[in-house]
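Novice: After the structure tokens below, expect a handful of questions from me.
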Amino acid sequence: LGFLVGGRHSHLDNAGYSLDQKIRELPPPEELVEKLIKEESWRMVLNSLVICLFARGIYDVETVSEALDPLGIPVPPEELHRLGRDIYKQRYSLKIQMGFDPTELKAPRRILEVPTPHGTLEEEYFERGLKHFSNTLREWDII
Numbered sequence: 450l451g452f453l454v455g456g457r458h459s460h461l462d463n464a465g466y467s468l469d470q471k472i473r474e475l476p477p478p479e480e481l482v483e484k485l486i487k488e489e490s491w492r493m494v495l496n497s498l499v500i501c502l503f504a505r506g507i508y509d510v511e512t513v514s515e516a517l518d519p520l521g522i523p524v525p526p527e528e529l530h531r532l533g534r535d536i537y538k539q540r541y542s543l544k545i546q547m548g549f550d551p552t553e554l555k556a557p558r559r560i561l562e563v564p565t566p567h568g569t570l571e572e573e574y575f576e577r578g579l580k581h582f583s584n585t586l587r588e589w590d591i592i
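Numbering (my numbering), first residue to last: 450 to 592.
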């Protein structure tokens, strides 16, 4: 799902691989999509500040907020999260204006054939996640 819902459809968008390494049980697809959106939104902040993503574990929201303060840029943690989400929304809004249609996303057949630590994934899992993603974009008035 990370590749499908990522802003550039890249492994660098939302760290789906990192979530894969941390989860013990496969979460409901809707929950996974929310985690992917949250992670990618935070990456929007880190990328905007030109912070290397390899250091993302060091630069949590509190650290970034504290680092900006002496520069005369007081941004509380909750504002950083809001800014990241806004950038994420703007990115998707532009993609859709340029012709991208998230409702057309489909999981590649191959992903349904390869065993994972959670067993073989079902197409319905991806369909539910993608439907939730599209519904989220609708709630934000992006589509």
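For every residue, glycine included, the Cβ atom is placed at its ideal position computed from N, Cα and C.
The model shown is predicted, which means the values in this text are computed figures rather than measured ones.
(1) Return the Cβ separation of V454 and F582 in integer angstroms, given the expectation that the two are a contact with Cβ distance under 8 Å.
(2) Rounding to the nearest angstrom, what Cα-Cα distance links E479 and G578 in this structure?
(3) Are the CB atoms of I545 and I591 nearer to each other than 8 Å?
(4) Identify which residue in V513, S497 and H567 has its Cα closest to the Cα of Q470.
(5) Residues in the same chain with beta-carbon distance under 8 Å from H458, minus the five sequence neighbours each way, listed in chain order, please.
(6) Less than 8 Å between the beta carbons of N463 and R492, yes or no?
Specialist: Answer, in terms of the structure:
(1) Here residue 454 corresponds to residue number 5 of the sequence shown, with the count starting at 1. Here residue 582 corresponds to residue number 133 of the sequence shown, with the count starting at 1. So it is a contact: roughly 5 Å between Cβ atoms.
(2) As a working note, residue 479 is residue 30 in the sequence shown. As a working note, residue 578 is residue 129 in the sequence shown. In a straight line, the C-alpha of E479 is about 5 Å away from that of G578.
(3) Position 96 of the sequence shown holds residue 545. Position 142 of the sequence shown holds residue 591. Closer than 8 Å, so yes.
(4) What you label residue 470 is simply residue 21 of the sequence shown in a count that begins at 1. Scanning V513, S497 and H567 for the CA closest to the CA of Q470 turns up H567.
(5) Translated into positions along the sequence shown, residue 458 becomes position 9. Excluding positions up to five away in sequence, the list reads F452.
(6) Residue numbering aside, residue 463 sits at position 14 when the sequence shown is read from its first letter. Residue numbering aside, residue 492 sits at position 43 when the sequence shown is read from its first letter. For N463 and R492, yes; Cβs fall inside 8 Å.
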